[in-house]
Amino acid sequence: MNFQDIKKSDECHRVDIAAYIDGELAPREELELEIHFAACSNCAEELNRQKKLLCALDYALEEKEIKLPENFTKVVVANAESRVSGLRRPKERFNALFICSALSLLVFVGFGSEAKNVLFSSGIVVEQFLAVGGFLTHLVFDVAVGAAVVLRSLCFQFVFNSTVSLVLMTIVFGFSALVFSRLLFRYKRI
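The numbering of the sequence shown is the numbering used here, which starts it at 34 and goes up by one.
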């Protein structure tokens with residue numbers, strides 16, 4: 034690629050400028066890009082803008098960090114704890130719901146012509162979550178019904194067909210009634 038080809042093609046290598054600044058290009062590519070910078074004032078300006086940006090970032094990062102007071106975390110925690118009561122007011126919940134709704138509407142409007150596709154995709158995702166939730170609900174219900182049937186038959190066999198189990202259950206019931214009554218008497222009444 035020579036100098037005339039670059040002028041004629043009007044191709045700008047703006048994507049390669051960052052790689053050029055970082056030194057990530059091969060020597061041949063660097064030479065071609067430097068020739069292009071000599072011919073293209075737009076790319077040369079872009080190169081200078083990116084160099085200025087990097088210099089500004091380097092300068093900003095060289096500043097020393099701000100030292101925080103030793104009791105900074107304690108003060109922040111104390112302020113946060115004292116303001117937690119405001120989160121429990123219904124009006125603030127309504128305001129938060131209103132703000133979230135407004136932001137959702139803005140995002141939806143921001144999608145523009147793609148809103149139909151986004152809404153359709155969101156509907157599919159919600160449908161899948163509902164299907165999984167329905168499956169899990171049925172699974173828990175079926176397991177509970179099965180456990181109830183098994184326990185009912187075991188308890189019926191254990192309690193009503195055995196005198197030893199009936200005596201044992203009576204002893205457990207009596208002991209629990211005794212412990213409960215002692216707890217009630219020890220309870221301090223206001």
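No residue lacks a Cβ here, since even glycine has one placed at the ideal position from N, Cα and C. Please read these numbers as outputs of a predicted model, since none were measured by experiment.
For residue i, the three-state DSSP class (helix, strand or coil)
i	result
Asn75	helix
Ala104	Looking at the sequence shown, residue 104 is not Ala but Asn. Of the three classes helix, strand and coil, the one that applies to Asn104 here is coil, per DSSP.
Tyr53	helix
Leu90	helix
Glu62	helix
Glu98	coil
Ser154	helix
Ser134	helix
Cys45	coil
Ser195	coil
Ile39	Its pLDDT being 45, under 50, Ile39 is placed unreliably in this model, and the value from its coordinates should be taken loosely. Reduced to three states, the DSSP call for Ile39 is helix.
Sub-8 angstroms separation of residue i and residue j beta-carbons
i	j	result
Ile50	Cys76	yes
Ile132	Lys84	no
Phe141	Ala135	no
Nearest candidate by alpha-carbon position, reference residue i, set the options
i	options	result
Cys45	Ala59, Leu80, Gly143, Asn150	Leu80
Ser137	Leu152, Glu63, Val109	Leu152
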